[in-house]
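**Student:**
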Amino acid sequence: MNPLPANLSPIIDGQNQLRQNFKSFAQCWATTKEDWRDARRDQFEREHLQGLGPSLARLSAALDQWRDFVIKSDRELSESIAE
Amino acid sequence: METSDVRSIDSLRLLRNAVGDLSNDWTIALLQIKSSMHRTREHFSTNMPAYWKQQTRIAEQKLAEAQDNLSRQHGTSASGQAPAVTEAKQRIQAAKRRLTICEEKLRLASKIAIQFDQACQELAGPIAEVVGHASVTLPNGAGHLAILIGHLDRYAERTSFNNLTPGMNRSPRPQEEPLSPPLDDFDRPVSLQEKRGVEDEPSR
C-alpha cells in the first residue's frame with residue numbers, strides 16, 4: 002500500500018481558470034479599445050487593468066513552483082523510493 | 357477641457373460586464389486554489405505523518421514477531437534445524453530494514469510539513485495580489501465605467517433631444533460619430549437625482 006498523493010487537480014483547474022478568464026477579458030478589452038480612444042481610456046487602463054497580467058504571471062509562476070514542491074515531496078514520502 | 361471620444365456606449369457596457377465577470381470568476385478560482393492548498397496542508401501536516409507513524413508501529417510489531425520466532429527456532433533447533441534459524445534471522449534483518457525506512461520517512465514527513473508551510477508563505481504574496489485585483493481593483497474599475505456610461509447616456513439623450521425639430525422622430529446617432537461630452541466631472545460621484553434619471557440643470 003502507498004500513501005495517496007495530494008490531489009492537485011483543483012489547483013491546476015483553478016490556475017487554468019484564472020488564465021482563461023483573463024484571456025477572454027483581454028479580448029473584450031482589445032475590442033473596447035477600438036471604440037474608446039481618449040485619455041480617460043489610458044487612465045482607466047493604467048489604474049484598473051495594467052497590473053492584472055503581471056500579477057497573474059507572478060501567481061502562475063509561484064503556483065508552478067509550489068506544485069513542483071508538492072510532487073517532489075509526495076515522491077519522497079512514497080513507499081517506492083526507499084524500498 | 358477634457359473630452360471623451362467614445363464611439364459605442366454599448367462597447368463600454370460590455371466592458372463593464374466583462375470587468376465584473378472577471379472579478380467574480382477570479383474570486384471563485386482563487387477560492388478553489390486556497391481551499392485546495394488547505395487540503396494539501398492537511399495532507400502533509402496530518403495524513404503523511406500519520407501514515408508513516410502507523411507503518412513504524414507495524415514495522416516494530418513485525419520485528420518483535422521475527423525476534424520471537426528466532427527465539428522459538430533456537431529452542432527447537434537443538435537437533436540441528438539450521439535452515440529454519442537462518443530464515444528467522446533473515447526475517448529479523450528484513451524487519452529491521454523496514455523499521456529503519458519507516459523511521460526515516462516519519463522524520464522526513466515532519467521536515468516536509470515545515471517546508472510545506474514555508475512554500476505556502478511564498479505563495480501568499482502572489483495570491484494576495486490577485487485577490488486584491490479581484491476584490492478591489494476590478495470592482496472599482498466597474499464602478500468608474502458605470503459612472504462614465506451614465507454621463508455618456510445622459511449626454512446622448514440630451515443631444516438627441518436638442519437635434520429634434522417639430523414633427524421629426526428621434527433618429528439614432530450615426531454609428532461613426534463619436535460621443536464627445538466634456539468629462540471634467542467624471543470622477544464626481546453620481547448624485548441621487550442622476551441615479552433616478554432626473555437631469556440636473558445644464559451647467560455648461
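Protein chains in written order, with my numbering: chain A, 2 to 84; chain B, 357 to 560. All residues carry an ideal CB built from backbone N, CA and C; glycine is no exception.
(1) Are the C-beta atoms of B:V546 and some chain A residue less than 8 Å apart?
(2) Run down chain B in chain order and give the residues with a C-beta less than 7 Å from the C-beta of A:R38.
(3) Could you check whether B:L462 and A:T33 sit closer than 8 Å to each other, using their CB atoms as the reference points?
(4) Run through chain A and tell me which residues come within less than 8 Å of B:N370, C-beta to C-beta.
(5) Kindly indicate the opening and closing residues of the alpha helix (DSSP H) around A:R76.
(6) For the alpha helix (DSSP H) that contains B:E459, what are its first and last residues?
(7) Could you list which residues in chain A have their beta carbon closer than 9 Å to that of B:V486, in chain order?
(8) Among B:L455, B:R454 and B:H430, whose alpha-carbon lies nearest the alpha-carbon of B:E443?
(9) With a Cβ-Cβ cutoff of 8 Å, do B:I600 and B:L508 count as a contact?
(10) Please tell me whether A:L60 and B:V486 are closer than 8 Å, where the distance is taken between their beta carbons.
(11) Would you mind telling me which residues of chain B sit closer than 8 Å to A:S81, beta carbon to beta carbon, in chain order?
(12) For A:D14, decide whether its Cβ has a neighbour in chain B, counting only Cβ atoms nearer than 8 Å.
(13) Expressed to the nearest angstrom, what Euclidean distance is found between the alpha-carbon atoms of B:S491 and B:E460?
**Tutor:** According to the structure data:
(1) As a first step, residue 546 of chain B must be located in the second sequence, where it is residue number 190. Because the pLDDT of B:V546 is 36, which lies under 50, any placement of that residue in the model is unreliable, and the number read from its coordinates should be weighed accordingly. So no, B:V546 is outside the interface.
(2) Walking along the first sequence from the start, residue 38 of chain A turns up at place 37. What A:R38 touches in chain B: D361.
(3) By one-based count along the first sequence, residue 33 of chain A stands at place 32. By one-based count along the second sequence, residue 462 of chain B stands at place 106. No, the pair does not count as a contact, with Cβ atoms beyond the cut-off.
(4) The sequence position of residue 370 of chain B within the second sequence is 14, counting from 1. The sequence shown places Leu at residue 370 of chain B, not Asn. Neighbours of B:L370 on chain A, chain order: C29, T32 and T33.
(5) Numbered from its first residue, the first sequence carries residue 76 of chain A at position 75. First-last of the alpha helix (DSSP H) with A:R76: L53 to E77.
(6) As a position in the second sequence, residue 459 of chain B is number 103, starting the count at 1. For B:E459, the enclosing alpha helix (DSSP H) covers residues A438 to G488.
(7) The count along the second sequence starts at 1 and reaches residue 486 of chain B at position 130. Near B:V486 (Cβ distances below 9 Å), the residues of chain A are L19, L53, S56, L57, R59 and L60.
(8) Numbered from 1 along the second sequence, position 87 holds the residue referred to as residue 443 of chain B. Minimum Cα distance to B:E443 is reached at B:H430.
(9) Outside the displayed range of chain B (357 to 560) lies residue 600 of chain B, so it cannot be described from this structure.
(10) Residue 60 of chain A sits at position 59 when you count from the first residue of the first sequence. Residue 486 of chain B sits at position 130 when you count from the first residue of the second sequence. Yes, the pair counts as a contact, with Cβ atoms nearer than the cut-off.
(11) Here residue 81 of chain A corresponds to residue number 80 of the first sequence, with the count starting at 1. Per Cβ cutoff of 8 Å: no residues; A:S81 is ~11 Å from chain B at best.
(12) Position 13 of the first sequence holds residue 14 of chain A. It does; some Cβ of chain B falls within 8 Å.
(13) Within the second sequence, residue 491 of chain B is the residue found at index 135, counting from 1. Within the second sequence, residue 460 of chain B is the residue found at index 104, counting from 1. The straight-line gap from Cα to Cα measures roughly 45 Å.
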